[in-house]
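Q: To start, I am sharing the structure in question, which I have written as C-alpha cells.
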Amino acid sequence: MITLKHVADSLSGIPGLMLEATLIFTSLATSLKDDIILTQPATYSIHNPPLFLPPSIVAFLSTACILSPASVEMCWSVMKSSIWAGNFTVSERMKGLFEMHRHPHGLTQHTFYPPFKMCPNSTCDRTRKGLLLGKAEQCKAVYFSHSGTVPAYSVQLYCESAKSPSACKTTYHTNYKVISDRRIYYNYTTALLNVVQIADHYFVDY
9 MITLKHVADS LSGIPGLMLE ATLIFTSLAT SLKDDIILTQ PATYSIHNPP LFLPPSIVAF
69 LSTACILSPA SVEMCWSVMK SSIWAGNFTV SERMKGLFEM HRHPHGLTQH TFYPPFKMCP
129 NSTCDRTRKG LLLGKAEQCK AVYFSHSGTV PAYSVQLYCE SAKSPSACKT TYHTNYKVIS
189 DRRIYYNYTT ALLNVVQIAD HYFVDY
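Take a look at the structure:
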C-alpha cells in the first residue's frame, strides 16, 4: 500500500496540483474500472492495473479534473495500484462531473456490465485459455433509480473469437445470459443485485 508521503512526493512535479483534484481523480478512476478493463486485450489479467489508461479515459479525466493529459497519466502511474485495489470510494459529488463531461467520451456514472469478465463455462475454449470475454456491445439505457430517472449504458459481452472456434457463443447481460434463443437468468446464491435489468435497455433499483 502506498503512503500519503509517497503520493505527495511522486506528484510534486505536477504544477498547481491541488488535493481536491487528486481526490476527484481517484474517485472518478475508481468508478471507471470496468470501462478500463473493457479496452484491454483478451490476455490481460484483471487482477493488475494496466500501465496506461485508454485515450478516452485520459481525455475524460483531464477535462473533469482540470488536469493536462500528461498530469492524468502521472496520477495514474502513482496511484493505479491503490485505485485498482478499491482503496478509494466513489463520491456522490461525482454525479455532476459525469453529467457535464460524459457525452464526448461515451461515459456515464451508470454503466451496467455482466458479472463476468471471463466466460464461466468451464468447458469453453476461451475459459481454458484464460482469455477475457472479447466482443462487447454498448447500448444506451435508462436507469430508474430511487433518486430519479437517469441516462445509463448497458454493456453485453459475447463469448466468441476467430482464434477460439470452440468458444461457447454465449451472450452475457447484466442479469442473464443468452444461449442460442434461450434467456437464462443467473443463479444468485446469496442475494439479488441492487439493480435489476427488466428489459434490454431498462434498469430499476431492486
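All residue numbers for the sequence shown refer to my numbering, where the first residue is 9 and numbers rise by one. Ideal Cβ placement from N, Cα and C applies to all residues, glycine included.
#1: Is it buried or exposed for Cys132, if we count other Cβ within 10 angstroms and need 16 for buried?
#2: Measure from the alpha carbon of Pro221 to the alpha carbon of each residue in Arg190, Tyr52, His118, then state which is nearest.
#3: When we look at the beta-carbon of His181 and count the other beta-carbons within 10 Å, is it buried (16 or more) or exposed?
#4: Provide the residue span of the beta strand (DSSP E) that contains Ala67, from first to last.
#5: Below 7 Å CB to CB, which residues in the same chain sit around Thr135 once its five sequence neighbours on both sides are set aside?
#6: From Lys143 to Ala175, what distance separates their C-alpha atoms?
#7: Report yes or no: do the region 22-31 and the region 74-86 share at least 3 C-beta pairs separated by less than 8 Å?
#8: Could you tell me which residues DSSP pairs with Lys148 in its beta bridges?
#9: Could you check whether the Cβ of Tyr214 sits closer than 7 Å to any heavy atom belonging to the ligand NAD?
#10: Give me the Cα-Cα distance between Ile192 and Ile74, rounded to the nearest whole angstrom.
#11: Tell me whether Leu115 sits in a helix, a strand or coil according to DSSP, three-state version.
A: For this structure:
#1: buried
#2: In this structure the chain extends from 9 to 214, so residue 221 is not present and cannot be described.
#3: buried
#4: No beta strand (DSSP E) holds Ala67; the alpha helix (DSSP H) holding it covers 63-73.
#5: Met126, Cys127, Asn129
#6: 12 Å
#7: yes
#8: Tyr161
#9: The ligand NAD is not part of this structure, which contains no ligands at all.
#10: 44 Å
#11: coil
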